[in-house]
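What follows is a single structure, written as structure tokens, with notes after it.
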Amino acid sequence: MLLVANRGEVAVRVLRAAADLGIRTVAVYAEDDASSLHVSLADRAVPLVGPSPYLDVSQLLDAAEGCVAVHPGWGFLSENASFARACSAAGLTFVGPSADVLELLGDKRRARELAASLGIPVLDAEPGSFPVMVKAVAGGGGKGMRAVHSAAELDDAVEACRAEALAAFGVGDVYLERLMPAARHIEVQLVGTSVIGDRDCSLQVRHQKVVEIAPAPLLDPVLRKALHSAAVSLASAAVFTGVGTVEFLVSGDSWAFLEVNPRLQVEHTVTEMVSGVDLVRTQLLLAWGGDVDYTPLDRGAAVQVRLNQTSGGVLSAFGLPAGPGVRVDTHGYVGYRVGTAYDGLLAKLVVHGEDLDVALNRARRALGEFSVSGVSTNLEFLRGLLTQDIVGATTDFIADEPVSGQLAPLAGTVVAVSEDSVVLEAMKMQHVVRVSGTVLVSVGDTVAEGQVLASGAGESTEDVISVDPSHVRPDLAEVLARHDFARPEAEARRHARGGRTARENIADLCSSFVEYGGLAIAAQRQRRSLPDLIERTPADGLVAGIGVVNGSRVVAMSYDYAVLAGTQGLRNHQKKDRLFALAQQENLPVVLFAEGGGGRPGDTDHSMVSGLDCGSFHAFAQLSGQVPLVGVVAGRCFAGNAVLLGTCDVIIAVEGANIGMGGPAMIEGGGLGVFRPEDIGPLDVQVPNGVVDIAVTSEEEAVAVAKKYLSYFQDSTAEWSCEDQRLLRHAIPENRLRAYDIRTVIDTLADTDSVLELRAGFGKAIVTALIRVEGRPIALIANDPKVNGGAIDADAADKCARFLQLADAFDLPVVSLTDTPGFMVGPEAERTATVRHLTRMVVTGANLTVPFGLVVLRKAYGLGAQAMAAGSLKVPQFAISWPTGEFGPMGLEGAIKLGFKKELDAIQDPEERRRRYEQMVAMAYEHGKALNVASVFEIDDVIDPADTRRWIATALAPSASRRQGKKRPFIDTW
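Heads up: the sequence shown begins at -14 in my numbering, then just goes up one per residue.
Set out below in structure tokens:
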């Protein structure tokens, strides 16, 4: 077991490398770091206490109980020889050099002395000469470093460096070094005494690297060889083992040794990308005594960019770039509270390309894809930096900007922010700090005395507020009044027509709900008064937010037909965009009540011309295949509202609904005639044509069905019951020509009251239904022998293919109940484009990634049966048959007539010919019986029908844990 004695991104990096090697791990975390990602990645996590817990050797060793090794990461105790010795004394392998080597190379003064003794140039500071650099003898990361340009600055710089180094590394010693201006910072990566590569780390802000490039560009080959040789000489002299870096400054033809970092470095990733050597894996294998091949490759160029936080807060959005050659190492995630007590590194973007131009372009593209909300970062700075010519830049390329702004007068927790103030709470008292400029902290942040609060000039001023919790101030009273959305007259009209209000449907759907944009009003201030808009256009006609359905979060939104006929206005488009983005970021299903008349021409508060740049339809369509999309409609749903409805995976429509791509006005405007709304897309059209998945009689029933539908994508149920499974033994008539009710079979097989059939009125030759077996959600397809004798026509194939896409997208296992004579054939069938539609079902089934089980009830003939089996009897996780099963390459009667035509025609006597034909058919049936098919192992078994649930529950392996992101690009709307 391995203890990772660090936090944040490096802890995540080491924990993942250890997991890849099968090494169990222990993480440690401070009290204010409990939500950090590394805590959840370890096999065990141990809390630390005290003011500097990551520097507390005693606590770390206690946490290492049961471990055999300790990885120190970088920073903190990674170069501390005393810690390495304590580990050794405790019987722990320190993943890094020996304590003696750390004592030598971790002390930068001794390392410089060693370099000088080997004839390697060093930057000696002459007494009384300036400029110089004050540097901490231990650690790195730019901490404990100050450039000093005059004697007057020296004492303050020394004290500041000592304090910073002591806090960061537990050692406060410093030394002076001659400052080399206009120099490049070049590092050589080592494993033991072998050079893995080099990199340019010249782009720095306040001595902290922000961009690294590997290999170091524009470096003379002779100079590169000299730097490599010097690094190897130092490592050899120190008897160095493990992973480390030797750093140099280069100016023209001159160069000098800076320091050795006898540990893993933040920027190790760029060298990994070009060398092909996993440096953390190498460290662990060396520590475990294994054989390691760390021969470097020569693989183009790599660039690393460091995304740093500049304030604390909660990550409300954290979209990471992707694509070829893009890697992001981070401990961030949506919902993570980013503190300010530690190093500000939030993520490392590492890109690789066949040459440096490609790598830099890729870095620019990836930075453009990065999205971070909730905390301030240097993202915009990095984007601007990479627009410049940075290749060959020196360490002064980025001007050091002094820390400026308005500072916290005391330590405390941020409880409120506004444009001109930050409210800090300390010792149960709130302090209002007046500020100007941009506020740089967020509610929930813990700030230290002297920390920057805002970017404005001048000193912050403070006053103290006494709080009376029971007092409702006028501003709050105004807010509460605006949140009273009751409109009795509009509600009464809705109820009089037998309907419910938008808010009533949302309240019925969600056990808990928070509304986004409830205070929004229609964008019509140029033509209507503000009081009128507040009264008549609450929420701009769209109630939208995040709610809880069946115990899980969903995005729920409902157009409000009582507000401007449920039309789509500017503000409710913005609200949709906001909620769709949250659904995408947090993998939340969406339930949309879509009643409404489409686009709204009456909004005035905008500069749009066509409005075709509206992003709502695109954003909603992008959710297809990532999260379940449920559309519910009662009343009229036309134009843009119908587009959103049609994008949904399932459409639940209430009796009396009308759905159409254009309403009466649009139809008349197009010169296509004058129609009543009731004539456009009624349910007697939209159910049999397949648009509506489920028709219901009321909005109450629609909400209940929506809840039931969502439940299949949320979790298994612990409690369930089912019918007596012995009834299935009699479900298929003994007379093989007799039809039967497939829905009775499904209801008996499934858990009680767990069947939800989709598109029952369309493509009737196949039943598609969501069911449960022992509480587990299952997608079921079944042939209906009462329709076409079970033959699969074009509509049924389309319906089945789309249903299989739905199951695959959301990891639902599929069970196929097969009883089909094959695909529908003949001239009339071909008029429906069966060649394309039927093979759509074949292609979809063949590319499923979810578990699939086949149960043959009776007929399994030809290509139709293969389509019901996802392409072949050998594809499903199990292929079984009931005793009534019969198999063949095509319908057996047809096969006899076709295959033995000559023999039968040669029989002159019609009666004899008929008897011979019936004999041949009987033999074919005997040959194709399920028992005979199983005897040659074309199927896995012939079972007692009462055992079907046992096969499903046992042989269909549970799907993996819920995915993030998409498996399929989208779910076909048809």
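C-beta: ideal position from N, C-alpha, C; glycine also.
Please read these numbers as outputs of a predicted model, since none were measured by experiment.
query: CA-CA distance, V24 and G536?
result: Roughly 26 Å separates the two Cα atoms.
- request: Compute the distance between the beta-carbons of S63 and R248, then report whether it is under 8 Å.
  value: It is a contact, given that the beta carbons lie within the stated cut-off.
Same chain, Cβ closer than 6 Å to E172, five either side skipped, listed in chain order: Excluding residues within five positions, the ones whose Cβ falls inside 6 Å are R184, C186, T230 and E232.
- request: Would you grab the beta carbon distance between D340 and G285 for me? Rounded to a whole angstrom, and I think it's under 8 Å.
  value: Their Cβ separation, rounded to whole angstroms, is 6 Å, which keeps D340 and G285 in contact under 8 Å.
- request: Would you list the residues sitting across from M130 in a DSSP beta bridge?
  value: Its beta-bridge partners are K120.
- prompt: Taking Cβ positions, are M908 and F885 nearer each other than 8 Å?
  reply: Going by C-beta atoms, M908 is not nearer than 8 Å to F885.
task: Count the CB pairs spanning the segment -11 to 9 and the segment 53 to 67 that are closer than 8 Å, and state whether there are at least three.
output: Contact between the segment -11 to 9 and the segment 53 to 67 is present, because at least three Cβ pairs lie under 8 Å.
message: Tell me the DSSP secondary structure of S537 in three-state form.
response: Three-state DSSP puts S537 in a strand.
- prompt: Looking at the structure shown, is M414 part of a helix, part of a strand, or coil, going by DSSP?
  reply: Note: M414 maps to strand in three-state DSSP.
query: Can you tell me whether DSSP reads E386 as helix, strand or coil?
result: Confidence at E386 is low in this model, with a pLDDT of 41, below 50, so the placement of that residue should be treated as unreliable; the coordinate-derived value is given next. In this structure, DSSP gives E386 a state outside helix and strand, which the three-state scheme calls coil.
message: Please give the ranges of any alpha helix (DSSP H) in the segment 851 to 906, keeping only runs that are unbroken, at least 4 residues long and fully inside the region.
response: Entirely contained in the segment 851 to 906, the alpha helix (DSSP H) runs reaching 4 residues are, in chain order, 877 to 884 and 886 to 890.
field: Through-space distance from G760 to G422, alpha-carbon basis
entry: Distance from the CA atom of G422 to the CA atom of G760, rounded to whole angstroms, is 57 Å.
query: Which residue or residues does DSSP assign as beta-bridge partners of Y694?
result: BP columns for Y694 are empty, so no partner.
message: Between which two residues does the beta strand (DSSP E) holding W240 run?
response: For W240, the uninterrupted beta strand (DSSP E) segment begins and ends at S239 to N246.
message: Is the beta carbon of D780 closer than 8 Å to that of G748?
response: The answer is yes: Cβ separation under 8 Å.
message: List, from N- to C-terminal side, the alpha helix (DSSP H) runs of 4 residues or more that fit wholly inside the segment 479 to 508.
response: For the segment 479 to 508, whole alpha helix (DSSP H) runs of length 4 or above, ordered along the chain, are 487 to 494.
message: Assuming A794 is part of the alpha helix (DSSP H), what are its boundary residues?
response: Segment A779 to A794, the alpha helix (DSSP H) holding A794.
- prompt: If you check the beta carbons only, do L87 and A101 fall under 8 Å apart?
  reply: Contact flag unset, no.
field: Extent of the continuous alpha helix (DSSP H) to which F68 belongs
entry: That run of the alpha helix (DSSP H) goes A66 to A74.
message: Based on DSSP bridge pairs, tell me the residues matched to V376.
response: DSSP lists no partner for V376.
field: Proximal residues to E386 (C-beta, below 7 Å), its chain only, five neighbours per side dropped
entry: Because E386 sits at a pLDDT of 41, beneath the cut-off of 50, its placement in the model cannot be relied upon, and the following sentence gives the value as read from the coordinates. Once the five neighbours on either side are set aside, E386 has no close Cβ partner at all.
C-beta neighbour in chain B for L364, strict 8 Å: Chain labels in this structure do not include chain B; a single protein chain is all it has.
- prompt: Does the beta-carbon of M593 have 16 or more other beta-carbons within 10 angstroms, so that it is buried, or is it exposed?
  reply: By the neighbour-count rule (16 or more Cβ atoms within 10 Å), M593 is not buried but exposed.
task: Measure the alpha-carbon distance for T939 versus F863 and round it to whole angstroms.
output: So the two alpha carbons sit approximately 10 Å from each other.
- prompt: CB I937 to CB I679, shorter than 8 Å?
  reply: No, the pair does not count as a contact, with Cβ atoms beyond the cut-off.
Proximity to V828 [Cα-Cα], best of D804, A845, P281 and M853: Per the Cα distances, M853.
query: In this structure, what does DSSP give as the bridge partners for K914?
result: Paired residue(s): E871.
- request: Could you say which of G532, W867, L858 and A241 lies nearest to I491 if we only look at CA atoms?
  value: Nearest Cα to I491 within the set G532, W867, L858 and A241: G532.
Assigned secondary structure, T834 (DSSP; H/G/I helix, E/B strand, else coil): Of the three classes helix, strand and coil, the one that applies to T834 here is coil, per DSSP.
For K952, three-class secondary structure by DSSP: When secondary structure is reduced to three states using DSSP, K952 falls in the coil class, being assigned neither helix nor strand.
message: Tell me the rounded alpha-carbon separation between G849 and I777.
response: Answer to the nearest angstrom: the Cα atoms are 7 Å apart.
field: Residue environment, N674, which counts as buried when at least 16 other CB atoms sit within 10 Å
entry: Counting every other CB atom within 10 Å of its CB across the protein chains shown gives N674 a total below 16, marking it as exposed.
- prompt: Got a sec, what are the start and stop residues for the beta strand (DSSP E) G304 sits in?
  reply: Looking at the DSSP string, the run of the beta strand (DSSP E) that includes G304 is A302 to G304.
message: DSSP three-state label for D669, please.
response: D669: helix per DSSP, three-state reduction.
- prompt: From V424, H822 and D493, pick the residue whose C-alpha is nearest to that of A439; which is it?
  reply: Comparing alpha carbon positions, the residue from V424, H822 and D493 closest to A439 is V424.
- request: Report all residues from its chain with a CB closer than 7 Å to the CB of G583; omit the five preceding and five following residues, and keep chain order.
  value: Counting only Cβ-Cβ distances below 7 Å, and skipping sequence neighbours, we find T552, Q553, F623, A624, G625, N626 and G648.
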